[in-house]
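Just below is one structure, and these are the notes that go with it.
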Amino acid sequence: EEEEEEEEEEEETLTTKTTQPLLYDGHYGQWSVSRADEVEVWSYRIALSLSCCGALGVAAGCVFGKDGAINPSYFVGASGLGVALVLVHMYVTPIKRAMQAMYAVGLVGSVGIAATQSANVLEFVRDHPSAMWLVGPMFASFTGLAFKEGACYGKPEAFALFLLTPIMCLGHLTGLASGVAETFLVASWMFGFCVFAGRKYTQEVKDDIGDKSVFIFRSLKTDEERRDYLEKQGKDLSLLEDAM
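If you're matching positions, the sequence shown starts at 1026 in my numbering and goes up one per residue.
Right under this line is the structure:
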């Protein structure tokens, strides 16, 4: 009987260890990865992959002369980017909102071209460099996303995209980039995007979340709620000044 009781205790201990989530130390306290967090992170990664697939579809349409596939692929890619900009975790909310606003401006410009021109978006922008002002804000938002990924995780492909995206767009807008140079820039950008989207799946989920305690703390509405949270976490109340 004693052996059976010991076995039951061991089983209970193992069950407790497997069911309790891992705790991570954050700036404002400990936090764990929930099922909702996992869904959000994987949705973010899939959205980036969708955006990359859309870009590949545009490139394939150009290479194989499938003009009818360019606009649908373009807007699939744009949709993926839009979802990613909603799901991405950023500590500075105003910057995230600015990126979303730039995306919205670029999307409206893209829809305007598609709705009013017989040529597809890519062809129209290619033949009218000034049209980059209409679609460019969307690429500016992508540049911001690439910088965030590069700065947070030290990803070389993200830093490469951060540099390549504005060079590619400004090179076309100003006419300073020759046809050969533009082809090279676009090909390099596509390669970097594929590597970037693919390598997102190699990261731990917690890395894409960041310090969840920061988001929890900032979501609290009153000083009393923040004080209670810090006390429960055993944190110095001087951290309340961060919310001022």
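The C-beta atom is built at its ideal place from N, Cα and C for all residues, glycine as well. For clarity, every value in this text was computed on a predicted model and none was experimentally measured.
Beta-bridge partners of residue i, as assigned by DSSP
i, result
"Gln1228", "Partner(s): none; Gln1228 has no beta bridge."
"Asp990", "Residue coverage of the chain in this structure runs from 1026 to 1269, which leaves residue 990 outside it and unanswerable."
Neighbour-count burial assignment, residue i, 16 or more Cβ in a 10 Å radius
i, result
"Asp1092", "exposed"
"Ala1080", "buried"
"Lys1246", "exposed"
"Cys1255", "Just to set this straight, residue 1255 is Leu in the shown sequence, not Cys. Buried, because 16 or more other Cβ atoms sit within 10 Å of the Cβ of Leu1255."
"Pro1046", "exposed"
"Lys1225", "buried"
"Leu1201", "exposed"
"Asp1261", "exposed"
"Val1160", "buried"
"Thr1199", "exposed"
"Glu1027", "Annotation note: pLDDT 48 at Glu1027 (below 50); position unreliable, coordinate value reported separately. Classification for Glu1027: exposed."
"Phe1164", "buried"
"Ile1138", "buried"
"Ile1120", "exposed"
"Gly991", "Shown here, the chain extends from 1026 to 1269; a query on residue 991 therefore has no answer."
"Val1205", "exposed"
"Gly1259", "exposed"
"Val1066", "buried"
Presumed contact (8 Å Cβ cut-off) between residue i and residue j, rounded CB distance
i, j, result
"Tyr1049", "Ser1057", "7 Å"
"Phe1149", "Ala1156", "6 Å"
"Ile1241", "Tyr1053", "7 Å"
"Val1101", "Ala1072", "Their Cβ separation, rounded to whole angstroms, is 11 Å, which puts Val1101 and Ala1072 out of contact at 8 Å."
"Phe1209", "Lys1180", "The pair is not a contact, with the Cβ atoms about 22 Å apart (cut-off 8 Å)."
"Ser1076", "Leu1112", "No, Ser1076 and Leu1112 are not in contact; Cβ-Cβ is about 12 Å, not under 8 Å."
"Gly1051", "Ser1238", "3 Å"
"Met1127", "Pro1162", "4 Å"
"Asp1248", "Leu1265", "6 Å"
"Leu1110", "Met1124", "6 Å"
8 Å Cβ cutoff, residue i in contact with chain D
i, result
"Phe1172", "No chain D is present in this structure, which holds just one protein chain."
beta-carbon residue i near the ligand ADP non-hydrogen atom, thresh 7 Å
i, result
"Ile1095", "The ligand ADP is not part of the structure shown, which contains no ligands of any sort."
Q.
Would the stretch 1248-1267 count as touching the stretch 1131-1150 if we require 3 or more Cβ pairs under 8 Å?
A. Judged by Cβ distances under 8 Å, the stretch 1248-1267 makes no contact with the stretch 1131-1150, as fewer than three pairs qualify.
(Q) Using 8 Å as the cut-off, can you tell me whether the stretch 1110-1120 makes contact with the stretch 1135-1152, which would need three or more C-beta pairs spanning the two stretches below that distance? (A) no
Q.
Measuring CB atoms only, is the stretch 1195-1213 touching the stretch 1166-1183, in the sense that at least three cross pairs come out at less than 8 Å?
A. With a cut-off of 8 Å, the stretch 1166-1183 and the stretch 1195-1213 do not count as touching, because too few Cβ pairs lie within range.
Q | Cβ contact check for the stretch 1184-1191 and the stretch 1212-1222: 3 or more pairs under 8 Å | A | yes
Q: Run through the stretch 1163-1206 for me and flag every whole alpha helix (DSSP H) of 4 or more residues, listed as ranges in chain order.
A: 1181-1199
(Q) Which complete alpha helix (DSSP H) runs does the stretch 1058-1129 hold, if anything under 4 residues is left out? (A) 1060-1088 and 1095-1112
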